Amino acid sequence: AQTVTQSQPEMSVQEAETVTLSCTYDTSESDYYLFWYKQPPSRQMILVIRQEAYKQQNATENRFSVNFQKAAKSFSLKISDSQLGDAAMYFCAYRRGGSNSGYALNFGKGTSLLVTP
Amino acid sequence: GAVVSQHPSWVICKSGTSVKIECRSLDFQATTMFWYRQFPKQSLMLMATSNEGSKATYEQGVEKDKFLINHASLTLSTLTVTSAHPEDSSFYICSARDWTGEGNQPQHFGDGTRLSIL
Numbered sequence: 062a063q064t065v066t067q068s069q070p071e072m073s074v075q076e077a078e079t080v081t082l083s084c085t086y087d088t089s090e091s092d093y094y095l096f097w098y099k100q101p102p103s104r105q106m107i108l109v110i111r112q113e114a115y116k117q118q119n120a121t122e123n124r125f126s127v128n129f130q131k132a133a134k135s136f137s138l139k140i141s142d143s144q145l146g147d148a149a150m151y152f153c154a155y156r157r158g159g160s161n162s163g164y165a166l167n168f169g170k171g172t173s174l175l176v177t178p
Numbered sequence: 034g035a036v037v038s039q040h041p042s043w044v045i046c047k048s049g050t051s052v053k054i055e056c057r058s059l060d061f062q063a064t065t066m067f068w069y070r071q072f073p074k075q076s077l078m079l080m081a082t083s084n085e086g087s088k089a090t091y092e093q094g095v096e097k098d099k100f101l102i103n104h105a106s107l108t109l110s111t112l113t114v115t116s117a118h119p120e121d122s123s124f125y126i127c128s129a130r131d132w133t134g135e136g137n138q139p140q141h142f143g144d145g146t147r148l149s150i151l
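Which chain is which? The protein sequence lines are A and B, in order.
Just so we're aligned, residue 62 is where the first sequence starts under the working numbering, counting upward by one.
Just so we're aligned, residue 34 is where the second sequence starts under the working numbering, counting upward by one.
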């Protein structure tokens with residue numbers, strides 16, 4: 062089974078600064094997808110960014126970007142210009158590849174991000 | 034965008050009762066839906082994969098007779114917690130992916146159900 066490891070239970074960043082959340086995963090597959098989800102106190106799961114393993118270019122969504130190192134099986138999330146609204150639990154997730162919708166997400170344990178004024 | 038509706042959002046009931054949670058895909062068809070469970074300050078753990086028109090696939094350690102899953106149509110899956118006890122109190126979240134989309138389409142999550150058993 063694929064495992065996802067988030068080694069930082071908690072992180073803190075000052076408003077307007079940059080923070081990086083780490084994620085590593087273990088898999089023997091070559092085709093897969095990686096995601097970062099944000100879960101605020103409302104507990105709604107919000108997709109932040111996704112990366113296809115076959116793409117070498119790192120994904121970027123506005124202030125959010127990833128550093129995808131396939132050989133190292135690393136998938137970190139960088140949040141630039143942090144805002145108070147970024148405070149939440151962040152989960153890294155892995156999904157097997159293929160168009161089959163029958164593959165569930167494997168989640169890491171999460172990183173709680175605190176943003177201070 | 035695609036939306037998944039989950040109902041109810043919060044339920045409190047007495048020990049021994051059964052509780053049904055609904056998960057609907059509102060603007061797409063989902064042959065497969067997923068049910069997750071999340072304890073406070075923990076991650077989401079997959080309970081089962083719900084397959085339209087067939088039996089659900091349960092993860093190891095999840096009691097299929099306790100957590101009944103029915104996926105009778107391409108837009109609706111239900112999770113019934115039978116004879117619920119306080120240890121079943123948790124946050125339950127469903128998700129689904131548009132099976133007609135590209136492989137990189139993400140899963141869409143319902144807003145979750147907070148279940149409290151007294």
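For every residue, glycine included, the Cβ atom is placed at its ideal position computed from N, Cα and C.
All values derive from a computational prediction rather than experimental measurement.
Asked	Found
Contact test: B:S38 Cβ vs the ligand GTP heavy atom, cutoff 6 Å	Because no ligand of any kind appears in the structure shown, any question about the ligand GTP cannot be addressed here.
Beta-carbon proximity check, A:A149 vs A:Q100, cutoff 7 Å	yes
Residues in the segment 69-84 of chain A having any Cβ partner in chain B nearer than 7 Å	none
CB contact check: B:D98 to chain A, cutoff 7 Å	no
Uninterrupted alpha helix (DSSP H) stretches inside the segment 74-121 of chain B (no shorter than 4 residues)	none
Limits of the beta strand (DSSP E) - the one that B:S123 falls within	S123 to A129
Where the segment 90-108 of chain A meets chain B: residues whose CB sits under 7 Å from a CB there	Y94, F96, R104, Q105, M106 and L108
Sequence-distant residues of its chain with Cβ nearer than 7 Å to B:D144 (five each side left out)	Q39 and S42
Rounded separation between A:K139 and B:Q75 - CA only	22 Å
Any C-beta of chain B under 7 Å from that of A:R111	yes
Opening and closing residue of the beta strand (DSSP E) in which A:T81 lies	V80 to L82
Those residues which DSSP pairs with A:R111 across a bridge	A:F96
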